[in-house]
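By my numbering, the letter at position 243 of the sequence shown is numbered 251, and the numbering carries on one by one without gaps. Read through the structure below, which is laid out as structure tokens, and then see the notes.
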Amino acid sequence: MATHVVSIKPYPSTWPPDSGGQQRSYHMYANLPAGYKTIVIEPASPSTPANTELIHISWPKPWFSAAAEIIASLLNRGHADNLAVLDILSSASAVYRRTLSQVITPASIVCVEHCYAYEPILRLPRRALIYSAHNVEYDLKKIITPRSFLRPFLLKHVFVREKKLCEKADHIITCTEVDKKRLSNLYSIPLEKITVVPNGSDTTATKPKTPTEREATRHRLHSKRPMILFLGSLFPPNIAAANFITNILAPALPQYTFVIAGSVGAHFTNTHIHANHDLILPTSGWPGYGFAPLDYWLNRIGHWTSAEFGLHISDPNITAVELTSASFIPSLLTLQTGDTTVKHILTPWPEQTVIPLSAKKPRWIRGTIFPSIPTTQTVRLGMATQRLRLKRKGIWEKIDIGQVHNIHRWVAANVCVVGSLSEEEKELLLAASHLAINPVAAGSGSHLKMFEYMASGLPILTTPIGARGIADQEDDVVSIAPLDQFASTLKTLMENETQRQNLSQAARAYVVRTHDWKNISEAFARLLTSVVP
């Protein structure tokens, strides 16, 4: 008979899982041995994740949650703590309480991811309760919550919620020994009640490339300088790291190309672009650049780009492109490719614009958007693209705009910011890069990107904070340097190929030995068995 496990998440799932929290929540449960059945309860998402081994049940947020988030944002200097707001409102949601009751009844174990939306669980019949602490939430909130009228109330709320969950839980799991000791000291919890279940990587799916394969990938991406990679989600410590790269590292080391990849790229939405770049991600034929990429925004219809954008069409059989787009502000869209220029007035009603393509190379479509009527107001220009079609060998093909991820743009002469990545695009960057970095100065928990770097065989340079969760922060697995020595250490490392090769081999062996998701989930399963009453 299967052991039923219910995982409570305070945010909707994505597929494939992108952020560190999403990846941990997915892999830890999806890799549980046979005999376990996991159901994930989460707030409603625009689309149900596909191709997963987990059952997802969504519950709609209360209708007034959006208004509450806006009010919280206004009181908190533009920073809406959606998780804290959701936590407060979850107890008021009859639908949520009813969903929990229905799903938890046959379950033997309930795991709360983070420390939110768990209060209604305490009123239900007793089940084994586990707090899955992705970090020390209170410490994290102290770092990312701005000073404002609302800050003391938010911090106190998180402290009380996390403390109560630590006390009520039958067991607690953390990502690192540091977090284990901190939770114990902060909330007076016995150390034997806490077990470290580390983050990991799928070392079977992610494998190092040969030197020949890496060189071929660099040629494919038109890389002319050694590449340094930083992966990150849109999260304050990652934003600070990305700013450090663009403001300190890149100017100090112009001989290298720094690639900032992941949703942290949205932080650079309004930065200056250097359109004469040469790095191209050709996986789906739709790389481009722009003040904002053709990103997928949750809870919005369509995909947005702003002011200036570009598309690169790599398939010579494509002879035309059609965009179905609209703009809230009447705007003039100008599209240029080769000697062809197409101009179109955008309105709030979606209309089609067809751009013919010649056989000339490179085949760039460059787009600009300007107000079509005089205005003295400062406006945010942009367009929503609802559909893309390609004309290939005389036949129009509809392209799923959700596949259009590989947009990139430049914020400095040797920095390339890449938006959210598909798995194929991430694999390309991991294969093409010479070195991975993690210059974070704050945070809690451990960084899954570190284990992705290791699994792909990349040598790593990180700060001591970035090395959390790596046993003893060993120098033979990763190179560690404080921020004030980061540039000089990076230069020395890049000039020493033997040291990079040694780090690469040691990191790969380490992650296979201690941080493979399958092994982690098997240990997690043994822990689950031990806490079932």
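Where a beta carbon is used, it is the ideal one built from N, C-alpha and C, also for glycine. Since this is a predicted model, take the numbers as computed values, not measurements.
Legend entry - Assigned secondary structure, Pro18 (DSSP; H/G/I helix, E/B strand, else coil): Under the three-state reduction of DSSP output, Pro18 falls in the coil class, being neither helix nor strand.
Legend entry - 8 Å Cβ cutoff met for His523 and Ser209: In this structure, His523 sits near Ser209, with a CB-CB distance shorter than 8 Å.
Inset, instruction - Run the CB neighbour count on His275, radius 10 Å, all protein chains shown included, and call it buried at 16 or more, exposed below. - result: Flag for His275 reads buried.
Inset, instruction - Return the chain-ordered ranges of every beta strand (DSSP E) run that is complete within the segment 441-527 and spans a minimum of 3 residues. - result: If we require 3 residues or more, the beta strand (DSSP E) runs fully inside the segment 441-527 come out as 443-446 and 468-470.
Legend entry - Spatial distance of Ile488 from Asn504 (CA atoms): Those two C-alpha atoms are separated by around 15 Å.
Inset, instruction - State the start and end residues of the unbroken alpha helix (DSSP H) segment that holds Ser33. - result: Its alpha helix (DSSP H) spans residues Gly28 to Ala38.
Inset, instruction - Could you tell me whether the Cβ atoms of Thr393 and Leu331 are closer together than 8 Å? - result: Closer than 8 Å, so yes.
Inset, instruction - With DSSP as the reference, label Ala135 as helix, strand or coil. - result: According to the sequence shown, residue 135 is Arg rather than Ala. In this structure, Arg135 counts as coil in the three-state DSSP scheme.
Inset, instruction - Run the CB neighbour count on Leu341, radius 10 Å, all protein chains shown included, and call it buried at 16 or more, exposed below. - result: Its Cβ being crowded by 16 or more others within 10 Å, Leu341 is buried.
Legend entry - Asn395 (DSSP reduced to helix, strand or coil): In the sequence as displayed, the identity of residue 395 is Arg instead of Asn. The answer is strand: DSSP assigns Arg395 an E or B state.
Inset, instruction - Using beta-carbon positions only, say whether Thr265 and Asn446 come within less than 8 Å of one another. - result: The answer is no: Cβ separation not under 8 Å.
Legend entry - Counterpart residues of Gln360 in DSSP-defined beta bridges: In the DSSP output, where bridge partners are listed per residue, Gln360 has Thr332.
Legend entry - Arg397 to Pro128 span [Cα, whole Å]: Cα to Cα, Arg397 sits roughly 47 Å from Pro128.
Inset, instruction - Return the Cβ separation of Val272 and Ile256 in integer angstroms, given the expectation that the two are a contact with Cβ distance under 8 Å. - result: The beta carbons of Val272 and Ile256 sit about 16 Å from each other, so the pair does not count as a contact at 8 Å.
Legend entry - Residues near Asp286 in its chain [Cβ-Cβ closer than 7 Å; skip 5 each side]: Here Asp286 scores only 41 on pLDDT, less than 50, and its place in the model should not be relied on; the value that follows carries that caveat. So the list reads His230 and Lys232, once near-sequence residues are dropped.
Inset, instruction - Grab me the residues of Ser366's own chain with a C-beta within less than 6 Å of its C-beta, minus the 5 sequence neighbours each way, in chain order. - result: Take Ser366, set aside five residues on each side of it, and the residues of its chain with a beta-carbon closer than 6 Å to its own are Gly346, in chain order.
Legend entry - Pro245 to Val350 span [Cα, whole Å]: In a straight line, the C-alpha of Pro245 is about 42 Å away from that of Val350.
Legend entry - Three-state secondary structure assigned by DSSP to Phe161: Looking at Phe161 - three-state DSSP - the assignment turns out to be helix.
Inset, instruction - Starting from Phe238, follow its DSSP beta bridges and name the residues at the other end. - result: Answer by DSSP bridge pairing, in chain order: Ile268.
Legend entry - Nearest candidate by alpha-carbon position, reference Gln344, set Pro467, Ile363 and Ile117: Looking at the Cα atoms, Ile363 is the closest of the given residues.
Inset, instruction - For the alpha helix (DSSP H) holding Pro154, just list the boundary residues, first then last. - result: Here Pro154 belongs to no alpha helix (DSSP H), and DSSP marks it neither H nor E.
Legend entry - Pick from Ile478, Lys188, Thr212 and Thr46 that is closest to Asn114, judged by C-alpha positions: In the sequence as presented, Asn is not what sits at residue 114; that position holds Pro. Out of Ile478, Lys188, Thr212 and Thr46, Thr46 has the C-alpha closest to the C-alpha of Pro114.
Legend entry - Per DSSP, the bridge partner or partners of Glu127: Answer by DSSP bridge pairing: none, since Glu127 is not bridged.
Inset, instruction - Taking Leu438 as the reference, give the member of Arg135, Glu50, Glu221 and His165 with the closest Cα. - result: Considering only alpha carbons, the answer is Glu221.
Legend entry - Own chain partners of Ala328 with C-beta closer than 7 Å, once the 5 adjacent residues on each side are dropped: For Ala328, where only same-chain residues beyond five positions count, the Cβ hits under 7 Å are Val362, Ile363, Pro364, Leu365 and Lys399.
Legend entry - Ser109, enclosing beta strand (DSSP E) - first and last residue: Taken as a continuous stretch (DSSP letters only), Ser109 belongs to no beta strand (DSSP E), being part of the alpha helix (DSSP H) at Ala102 to Ile112.
Legend entry - Contacts around Ala283, its chain only, beta-carbon distance under 6 Å, and the 5 residues preceding and following it disregarded: Only weak support is given to the placement of Ala283: the predicted model assigns it a pLDDT of 32, under 50, and the question is left unresolved by the model.
Legend entry - the segment 193-213 touching the segment 522-538, judged by at least three CB pairs closer than 8 Å: The segment 193-213 is in contact with the segment 522-538.
Legend entry - the segment 150-160 / the segment 36-50 touching (three or more Cβ pairs under 8 Å): Fewer than three Cβ pairs drawn from the segment 150-160 and the segment 36-50 lie within less than 8 Å of each other, which leaves the two stretches out of contact.
Legend entry - Cross-strand partners of Leu343 (DSSP beta bridge): Leu343 pairs with Val350 and Gly375.
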